[in-house]
Amino acid sequence: MRTANHSFSHSFLQSLFMAEYPIPTTEKDLETSFEQIKPYMNATMAYYESARCLFCYDAPCVQACPTGIDIPLFIRQIHTGNVAGAARTIYDANYFGNICGKVCPTEVLCEGACVYNHQDVKPIEIGRLQSYATAQVVEQGRKLYEPGPVNGHKVAVVGAGPAGIACACELRRMGYEVDIFEAKSQPSGLALYGCAPYKVTNEDVLEEVEYLRAQFQFRIHYGHPVESREQITELEKNYAAIFLGIGLGPTRRPGIEGEGLAHCVGATEFIEQVKLDPLSVTVGRRVVVIGGGNTAMDAASEAARLGAEEVTLVYRRSREEMGAYEFEYELAKSVGARGVFNAMPLAVLGEEKVSGVRFIRTRTEGGKVVSIPGSEFEVPCDQAILATGQSKRSAFLDLIESLERDGQGRIAVNPETLQTSNPKYFAGGDAVNGGAEVVNAAADGKRAGRGMDQYISNLK
Ligand SMILES: Cc1cc2nc3c(=O)[nH]c(=O)nc-3n(C[C@H](O)[C@H](O)[C@H](O)COP(=O)(O)OP(=O)(O)OC[C@H]3O[C@@H](n4cnc5c(N)ncnc54)[C@H](O)[C@@H]3O)c2cc1C
Ligand code: SF4
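The opening residue of the sequence shown carries number 0 in numbering that gives the first Met the number 0; numbering runs sequentially from there.
Written out as C-alpha cells, the structure reads:
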C-alpha cells in the first residue's frame, strides 16, 4: 500500500508504472485530479447555449426529468437575462436544482431525451445551464422563498439527505414546523458522502443546503441518530407525522473468504473517505474493484485519480448486463480502469492484508450466473474494493410498528402520497427505491411533503 506520504520517490514510481494521475499531496493536486467534468458556464457560454434550445412543445426533456422541471422555460429565462427567474423555475420543481445539474445522469435523462439527438447534433447542455442559473442565486444568497404562515403542526424528518431536506422545504412552505434528525455531523447524505468529487464539490453541496435552510428555516439536529424504540415513541408523541429519509446502510459484504483482510474495503466507505478527507486516503498500487454498478465505476475512477497504477473492474456478468450507465463505464476507462466481465470472486487472498483476488469464470444461463468449473484465475492486487451494493437499515425499521417492506427490504409506500403501512410514517429516496439518484430522492421528498400535509389536514 502507498500513502500520500510514502517513502519511495514519487517520480521514480511514476516512471515505472505510468499512472494516469499522480498521487495528490496538496489541495492543488486534488483540484487537478478531481477537475470538474461539468464546470460552471460563464454568462456568455450560457447565453449561446440557451440560444440553441428549440423550446419544444410538450418537450421530451421535461418528460424525462423525474422532477418535471419546465426546462424550455428556464432556458428561455436564461436567454433573456432573467437568471433569478430561471432559478425559481428550477427550484419550484427540484430543491436540489444546483447539484442535480452537476450529478444527474443527464445523458440518460433530460439531455438523452433532447430532440437534437435525433438530428446527430449535440443535445442542449441542460445540466450545466441548470447549475449556471441556480449557482447565481445561491452565491448571491438571493431569497426566492419564505416559510408559509405557521399552521401549528410539527413534523419530524429522520435523515438529512436529499429526500429529507426536500421534504422539509416543502413542509415549511406550507407552514409546518420541521425538525430533522441526522446521525452525521453534516447534511446531504450521499450527495455529500457519495457523489464523485469530479462531478460536484463538497462546497457546492453544502452551500445549496445552507441556501435552502436560510430561506425555509427548518431545524437540523446533527449527531442525532434515531436508533431506539424510546426515541421513536418520543417522536410519535411529539410530531403529527414522521418522514423516513434514511437512505441505505453500509456495503453489503458478499461473504467470501478473506473479505475481512486489511485493505479489503467497502466501496461506499472508501468513497466516503475520499469525499471527506481525500489526502488521508491510501490507495493500492494495483486495485481490484468488484461490482458492475455505478458505485463500482465511481470507486474505480476515484482510485485511479488518487494515483493507483492499475485498476481492474471485475463484474460477474457480461458487460451488457452491467447495472452501470455506459457513460460511467467510459468515464472509468478514460482514467485507466479496465473491465473484466463474466468473473465471480471466490476469495480475497493474502496473509494479513490483500495480495490478490481469486475469481472463477462465469456465463449467464436463463438469467442466472453459472460458474465454469476449472476456470479459476487470480488477479494480484494490494487493495480490493467491494462495490457489492448497500445493505438496508433493517434493524432501525424493525423498531417501527407495522412498517411493511417489500421482498427486498425496501419500505413499502403508497406511490401517490408516499405514506407507509403505518399511517403516521411517510418515506422516500433510497430507502424506498433501493438506491437511485439524488433527483429521485428530491422528487420523493417533495411528494411526501404533500402527502403528509393531506394526512395531517384530514386529522383536523
Ligand atoms: C458512491 C455513490 C455515488 C453516487 N453518485 C451519484 C451521482 O453521481 N448522481 C446521483 O444523482 N446520485 C448518486 N448517488 C445516489 C444518491 O446519492 C442517492 O440516491 C441519494 O443521496 C439518496 O438520498 P436519500 O435522502 O434517500 O438518502 P441518503 O443520501 O443516503 O441520506 C440519508 C441520510 O439519513 C441519515 N440517517 C440514516 N439513518 C438514520 C437514523 N436512524 N437517524 C438519523 N439519521 C439517519 C444518514 O446519515 C444520511 O445523511 C450515488 C450514491 C453512491 C453510494
Ligand atoms: S428537447 Fe432539447 S431543444 Fe427541445 S426544449 Fe428540451 S432542451 Fe430545448
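All C-beta atoms in this analysis are idealised placements derived from N, C-alpha and C, irrespective of residue type, glycine included.
Query	Result
Does the Cβ of Cys166 lie closer than 8 Å to at least one heavy atom of ligand 2?	no
Tell me whether Lys445 is buried or exposed, calling it buried when 16 or more other Cβ atoms sit within 10 Å of its Cβ.	buried
With distances taken between CB atoms, is the gap from Glu181 to Gly163 smaller than 9 Å?	yes
According to DSSP, which residues form a beta bridge with His220?	Phe180
DSSP three-state label for Met343, please.	strand
Considering only the beta carbon of each residue, do Leu29 and Pro196 sit closer than 9 Å?	yes
Could you say if the segment 117-127 and the segment 210-226 meet the contact criterion of at least three C-beta pairs nearer than 8 Å?	no
Using 10 angstroms around the beta-carbon of Arg362, count the other beta-carbons present and answer buried if the total reaches 16, otherwise exposed.	exposed
In the DSSP assignment, what residue or residues form a beta bridge with Ala303?	Bridge partners of Ala303: none, in fact.
Select from Pro71, Ile245, Gln407 and Tyr46 the residue whose C-alpha is nearest the C-alpha of Asp57.	Pro71
Please name the residue in Phe326, Gly349, Arg51 and Ala307 whose C-alpha comes closest to that of Glu19.	Ala307
Let me confirm a value: Arg337 is counted as buried when at least 16 other C-beta atoms fall within 10 Å, else exposed. Which label applies?	exposed
Compute the distance between the beta-carbons of Ala426 and Leu247, then report whether it is under 9 Å.	no
Over the uninterrupted alpha helix (DSSP H) stretch that includes Leu205, give me the two end residues.	Asn201 to Phe215
Kindly identify the DSSP beta-bridge partner or partners of Pro379.	Gly355
Does ligand 2 have a heavy atom nearer than 8 Å to the CB of Leu108?	no
Classify Ser456 as buried or exposed, calling it buried when 16 or more other Cβ atoms lie within 10 Å of its own Cβ.	exposed
By the three-class DSSP mapping on this structure, what secondary structure does Cys263 have?	strand
How should His152 be labelled, buried or exposed, when 16 other C-beta atoms within 10 angstroms of its C-beta is the threshold for buried?	buried
Figure out for me which residue from Met451, Ile410 and Arg171 has the closest Cα to the Cα of Gly434.	Ile410
Just confirm the distance between the C-beta atoms of Gly140 and Met173, as a whole number of angstroms; I'd bet it's less than 8 Å.	Incorrect: roughly 23 Å between the Cβ atoms, too far for contact.
Return yes when the Cβ of Pro23 is within less than 9 Å of the Cβ of Leu278, no when it is not.	yes
Go to Tyr454, then tell me how far its beta strand (DSSP E) extends in each direction, as first and last residue.	Tyr454 -> not in any beta strand (DSSP E); alpha helix (DSSP H) instead, spanning Val437 to Leu458.
Okay, do the segment 88-106 and the segment 46-56 touch, 3+ Cβ pairs below 8 Å being the bar?	no
Since I believe Ala386 is in contact with Gly290 (beta carbons under 8 Å), could you give me their beta-carbon distance rounded to a whole number of angstroms?	3 Å
Using CA coordinates, which residue listed in Asn81, Gly188, Glu145 and Ala346 is at the minimum distance from Glu510?	Because residue 510 is not part of the residues shown, which for the chain are 0 to 459, the question remains open.
Distance check for Leu305 and Lys332, CA to CA, integer angstroms please.	15 Å
Per DSSP, what kind of secondary structure is Ile164 in: helix, strand or coil?	helix
Output needed for Val280: all residues of its chain with C-beta closer than 7 Å, excluding positions within five of it in sequence on either side, in chain order.	Gln272, Val273 and Leu305
Quick one: what's got a C-beta closer than 6 Å to Gly463's C-beta in the same chain, skipping five residues either side?	Nothing about residue 463 can be read from this structure; the chain reaches only from 0 to 459.
Looking at the unbroken beta strand (DSSP E) that takes in Ile410, where does it start and where does it end?	No beta strand (DSSP E) holds Ile410; DSSP gives it neither H nor E.
Any contact between the segment 291-303 and the segment 380-397? By contact I mean 3 or more CB pairs, one from each, below 8 Å.	yes
Using the C-alpha atoms, what's the distance from Glu436 back to Arg252?	22 Å
So what does DSSP say about Glu403, is it helix, strand or coil?	coil
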